[in-house]
Amino acid sequence: MHKFKELEIWKKSRLYCSKIYSETAIFPLEEKFGLTNQLRRASVSIASNIAEGSSRSSNKDFSRFLEIAIGSAYEVETQLLISNDLGFLNEDKVVELTNELNEIIKMISRFRSTLKLNDV
């Protein structure tokens with residue numbers, strides 16, 4: 002079992018989620034239950050899956066939750082690109098948020114690769 006509050010991947014993911022909330026606050030009101038909600042939920046899912054996975058009794062289970070967190074990160078990236086397509090976020094902001102997201106993905110992947118998956 003890992004202490005998720007001590008994991009840099011969780012800390013960075015949590016801060017990133019706050020940024021997504023700030024950026025989506027400017028989205029059109031009619032997107033409140035659409036893209037705004039989707040982006041927020043996916044960004045929350047990154048940190049949440051890291052935390053939930055850390056409570057599992059095996060590294061194999063934890064690794065699976067980290068894989069889900071990475072999937073949520075790619076979901077966020079797609080939604081950022083759509084936000085740009087729709088004119089809700091400018092390209093510079095999307096590049097900035099995507100670069101930060103890619104760093105989180107790399108950190109999660111590196112951490113995941115250090116887990117010994119054959120322990121119980």
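Counting with the numbering used here, you get residues 2 to 121 for the letters of the sequence shown.
For glycine and all other residues, C-beta sits at the position ideal for the given N, C-alpha and C.
Since the model is a prediction, treat every value here as computed from it, not as a measurement.
inquiry  = Quick check on I27: does DSSP put it in helix, strand or coil?
reply    = coil
query = Which full runs of the alpha helix (DSSP H) of 4+ residues lie inside the stretch 40–99, going along the chain?
reply = 60–86
request  = Compare the C-alpha of V95 against each of I106, T79, I105, M108 and name the closest.
outcome  = T79
request  = Buried or exposed for E24, please, with buried defined as at least 16 other CB atoms from any protein chain shown within 10 angstroms of its CB.
outcome  = buried
query = In three-state terms, what does DSSP make of K4?
reply = coil
query = So, helix, strand or coil for K117, using DSSP?
reply = coil
Helix, strand or coil at I34 according to DSSP, with G and I counted as helix = It should be noted that the sequence gives Phe, not Ile, for residue 34. Three-state result, F34: coil.
Which listed residue (L40, V77, N60, S59) has its alpha carbon closest to that of N103 = V77
inquiry  = Quick check: the Cα distance between I47 and S14, rounded to an integer number of angstroms?
reply    = 6 Å
key: Distance, D93 Cα to I105 Cα   = 19 Å
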